[in-house]
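Visitor: I am attaching a structure below and will ask some questions about it afterwards.
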Amino acid sequence: MGYIEKAIEEIKNDWFADHVAEIKGEEGLQVIQWGKPGTNMYRTKYVLSGANVFISGDIGESVYRLTCLATLENIKGFNLSYFTGKLVAFCGERWNFDSNKAKKELKEYWEEYEMNDQEDGKEMYRKIMSAINESSSMNEYQYWLHDAYHSTSMDSDTISDVSDFGKRLPYRLIGYWLGLQMAIEQLEKNKPAAEAVTL
Numbered sequence: 001m002g003y004i005e006k007a008i009e010e011i012k013n014d015w016f017a018d019h020v021a022e023i024k025g026e027e028g029l030q031v032i033q034w035g036k037p038g039t040n041m042y043r044t045k046y047v048l049s050g051a052n053v054f055i056s057g058d059i060g061e062s063v064y065r066l067t068c069l070a071t072l073e074n075i076k077g078f079n080l081s082y083f084t085g086k087l088v089a090f091c092g093e094r095w096n097f098d099s100n101k102a103k104k105e106l107k108e109y110w111e112e113y114e115m116n117d118q119e120d121g122k123e124m125y126r127k128i129m130s131a132i133n134e135s136s137s138m139n140e141y142q143y144w145l146h147d148a149y150h151s152t153s154m155d156s157d158t159i160s161d162v163s164d165f166g167k168r169l170p171y172r173l174i175g176y177w178l179g180l181q182m183a184i185e186q187l188e189k190n191k192p193a194a195e196a197v198t199l
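Reminder that position 37 of the sequence shown reads as 37 in the UniProt record's numbering, one-by-one numbering, no gaps.
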């Protein structure tokens, strides 16, 4: 099971297992409360306004700007990659850093491009590995990479390639999308029952 699939399963079962969706407002300005009754753990509020989705609650805050109206009908078709690509503000770092993933990617890259054949290939590898080991965030990793770039014969293509090693989408960003998808699915499933009560 890949990282994203594992994250989706954990978030679904651990964060949102007993959550209930409540919606207020009309298309164009709607508020969805997504939470487990009786607790604020992982409670999330989604405000759909114009082409924007504002998210706040126990798992942080973010803003997404869509290229269409923020309606349940439009959003339900968005996959994680597309929705996350619309992120314009987030309370945390955009990417987590996974040193194990970075080391694996570096090893594969070095072998594929036969980088040890370069004049100071071993020194470049050592400095990049040092940057990975010294870092706990993408910003730190990219900061430490500059030492490798400036003190070896590493070219701009190589630094560009290796600077994304170790990138992981934070669980919170996966959770924002997944919670909204689960809430929409629940609201649509309960819609016929709600309409029958109002008739």
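Every residue gets a Cβ at the ideal spot worked out from N, C-alpha and C, and that includes glycine.
In the DSSP assignment, what residue or residues form a beta bridge with T44?
Guide: Looking at the DSSP output, T44 sits in a beta bridge with W34 and G57.
Visitor: Based on the DSSP output, what are the partners of E22 in its beta bridges?
Guide: According to DSSP, which records beta bridges pairwise, E22 is partnered with Q33.
Visitor: Assuming contact is defined by CB atoms lying nearer than 8 Å, are Y3 and R168 in contact in what I supplied?
Guide: yes
Visitor: Looking at the structure shown, is T198 part of a helix, part of a strand, or coil, going by DSSP?
Guide: Bear in mind that a pLDDT of 43 at T198, under 50, signals an unreliable position, so the number given afterwards is only what the model happens to contain. Three-state result, T198: helix.
Visitor: For E105 and F90, I'd like the C-alpha separation in whole angstroms.
Guide: 27 Å
Visitor: Considering only C-alpha positions, which residue in the set E188, Q181 and A51 is nearest to T44?
Guide: Q181
Visitor: In chain order, what residues of the same chain have a beta carbon less than 7 Å from the beta carbon of I11, not counting five sequence neighbours either side?
Guide: Around I11: Y171, I174, G175 and L178.
Visitor: Pull up the CB-CB distance for G50 and G85, whole angstroms please, since I reckon it's below 8 Å.
Guide: About 18 Å separates the CB atoms of G50 and G85; that is not less than 8 Å, and the two are not in contact.
Visitor: So what does DSSP say about K101, is it helix, strand or coil?
Guide: helix
Visitor: Cα-Cα, which of E61, M124, H19 and N139 is closest to S99?
Guide: N139
Visitor: Measure the alpha-carbon distance for A196 versus T71 and round it to whole angstroms.
Guide: Since pLDDT at A196 reaches only 44, below the 50 mark, its modelled position is unreliable, and the value read off the structure follows with that caveat. Each residue's alpha carbon lies about 22 Å from the other.
Visitor: Have a look at I59 and E111 and give me their C-alpha separation to the nearest angstrom.
Guide: 40 Å
Visitor: Can you check whether the CB of S160 is closer than 8 Å to the CB of W119?
Guide: The displayed chain sequence assigns Glu, not Trp, to residue 119. Against a cut-off of 8 Å, the Cβ pair of S160 and E119 comes out as no contact.
Visitor: Nearest to W95 by CA position, among E61, N190, S137 and K191, is which residue?
Guide: When only C-alpha atoms are compared, the closest one is S137.
Visitor: Identify, in the order they occur along the chain, each residue of the same chain with its Cβ nearer than 6 Å to the Cβ of L66, setting aside the five sequence neighbours on each side.
Guide: A51 and K86, listed in sequence order.
Visitor: For E93, I'd like the list of residues in its chain whose CB is within less than 8 Å of its CB, leaving aside the five on either flank, ordered along the chain.
Guide: S137, M138, N139 and P170
Visitor: Which two residues bound the contiguous beta strand (DSSP E) that contains Y64?
Guide: S62 to R65
Visitor: Between the alpha carbons of A148 and A7, how many angstroms are there, rounded?
Guide: Whole-angstrom Cα-Cα distance: 33 Å.
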